[in-house]
Amino acid sequence: MDEGDRKEFISRIGTFFLLIGIGTMWVFIVSDMSNNTDFVFFFISIVSLVSGWHFKRITAPPSKAGSRFEALRKFIQKRREAKAKKDSAKK
181 MDEGDRKEFI SRIGTFFLLI GIGTMWVFIV SDMSNNTDFV FFFISIVSLV SGWHFKRITA
241 PPSKAGSRFE ALRKFIQKRR EAKAKKDSAK K
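Residue numbers (our numbering): 181 to 271.
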């Protein structure tokens, strides 16, 4: 099993745990609506959701350093351009 297959397998396990967590959360909500609240389903769902998120996160590709704050850079650049345009209009 090479590295790519291993990451895909771990990602699928993460998806499985996420689906199990969503399902058990639904069972907990239904049990709460029936006034027979069973917190075991809640705790199982939380553990499953966190485990699934963790497995999906460790196999995710790292974000690109240059695009991490791209929206903020664009916003600052637009403000600078607007300020320069405003200053040149005053002169």
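Glycine is no exception: its CB is placed at the ideal position from the N, C-alpha and C atoms.
Only a predicted model underlies this, so the values are computations on that prediction, with no experimental measurement involved.
Exercise. Could you check what DSSP says for D212 in three-state terms: helix, strand or coil?
Key: helix
Quiz item: Within 10 angstroms of its Cβ, does T204 collect 16 or more other Cβ (buried), or is it exposed?
Solution: buried
Exercise. Starting from the Cα of W233, find the closest Cα among D212, R186, I200 and F221 and give me that residue.
Key: I200
Quiz item: Contact check, S225 vs F197 under 8 Å by CB: the rounded distance?
Solution: Not confirmed; about 10 Å, so no contact.
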